[in-house]
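Student: Encoded as structure tokens, here's the structure I'll be asking about.
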Amino acid sequence: MKKMETYLIYCFICANMLFAGQLFSQTKYTKADVREMFPSNTKDLWINYLSGTLDDKHVADMIIGTDGHTCKGLYTMRSSNTTFFFDGEDRDHQLRLVELTANGRTSGFIYGNYDGEKFYGQWMNGDKNLSLPFQLRIVNSFDNYIPAKCHHSRWQRIFAGSIDDKPVRLHIQRDKQLYSMTLYEGGHKTKDVL
């Protein structure tokens, strides 16, 4: 009986820790949380909600605050519900930010242009050997953001026909300004990139 009670107490403690962990990881941040990152006497502070993508794939929700000199805030990756904080400078709408984990460790860097409506820039990892595009736009709330399913700068086309009475297939893929073309002719495959 004593073992059973110990087991039940152990299960209860584990369940409470798991529940507390879920509550902590699902924190919903607001503009007030970003306001608290600045000194109380900060004037001309603009705080906005932005949503967009990291690497044109991963949806991120950001709360950004700037007084035109200092920039602070946070962003949450929707796929993992992981929140990162940032702090840095704003010089003529050019941001240079250090990304921090919840425990204050440097995890990356964010550089780019923020005009009060949209942010276009680059995210870099802590070693600065990986860089990904970071693009966000102002939204009224995070629930309203719907990522584009198809980008005009990215598409694929497949053409089929014949050349000199031989069947051929042409696969063209565009990724921004990069065009990849693959020609399948008989048993041969030819690829070119422009």
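Residue 1063 in the numbering used here sits at position 97 of the sequence shown; the count goes up by one each step and never skips.
Glycine is no exception: its CB is placed at the ideal position from the N, C-alpha and C atoms.
None of the values given here were measured: they were computed from a predicted structure.
(1) Quick one: what's Met1028 bridged to in DSSP?
(2) Exposed or buried, which one is Tyr1145 when buried takes at least 16 other CB atoms within 10 Å?
(3) Would Gln1182 pass as a contact of Thr1019 if the rule is Cβ separation under 8 Å?
(4) Which of the three DSSP states is assigned to Phe1052 in this structure?
(5) Would DSSP call Asp1109 helix, strand or coil?
(6) For Gln1060, collect the residues of the same chain with a Cβ closer than 7 Å to its Cβ; drop the 5 residues on either side in sequence, then sort them by chain order.
(7) Looking at Val1105: is its Cβ nearer than 8 Å to the Cβ of Ser1017?
(8) Give the DSSP-derived three-state secondary structure of Asp1141 in the structure shown.
(9) Residues in its own chain within less than 8 Å of Lys1155 by CB, not counting five upstream and five downstream?
(10) With distances taken Cα to Cα, identify the nearest neighbour of Asp1053 among Thr1008, Glu1065, Asn1047.
(11) I think Trp1012 touches Gly1031, with their Cβ atoms under 8 Å apart; what is that distance to the nearest whole Å?
(12) For the beta strand (DSSP E) containing Lys1155, name the first residue and the last one.
(13) Measuring only the C-alpha atoms, how far is Ser991 from Phe1108?
(14) Going by DSSP in three states, Ala1068 sits in which element: helix, strand or coil?
(15) Tell me the residue span of the beta strand (DSSP E) that contains Lys997.
(16) Going by C-alpha to C-alpha distance, which of Arg1062, His1137, Glu1083, Thr1072 sits closest to Asn1014?
(17) How about Gly1074 and Gly1092: are their beta carbons less than 8 Å apart?
Tutor: Taking the coordinates as given:
(1) Leu1016, Tyr1041
(2) exposed
(3) Summary: the structure shown does not reach residue 1182, with the chain confined to residues 967 through 1160, and so no result is reported for it.
(4) strand
(5) helix
(6) Asn1079
(7) yes
(8) strand
(9) Non-local beta-carbon contacts of Lys1155 in its own chain, meaning distances under 8 Å to residues more than five positions away in sequence, involve Thr1148, Leu1149 in chain order.
(10) Glu1065
(11) 7 Å
(12) That run of the beta strand (DSSP E) goes 1154 to 1159.
(13) Because the pLDDT of Ser991 is 44, which lies under 50, any placement of that residue in the model is unreliable, and the question is left without a value.
(14) Three-state result, Ala1068: coil.
(15) Lys997 -> not in any beta strand (DSSP E); alpha helix (DSSP H) instead, spanning 997 to 1001.
(16) Checking every option, the nearest Cα to that of Asn1014 belongs to Glu1083.
(17) yes
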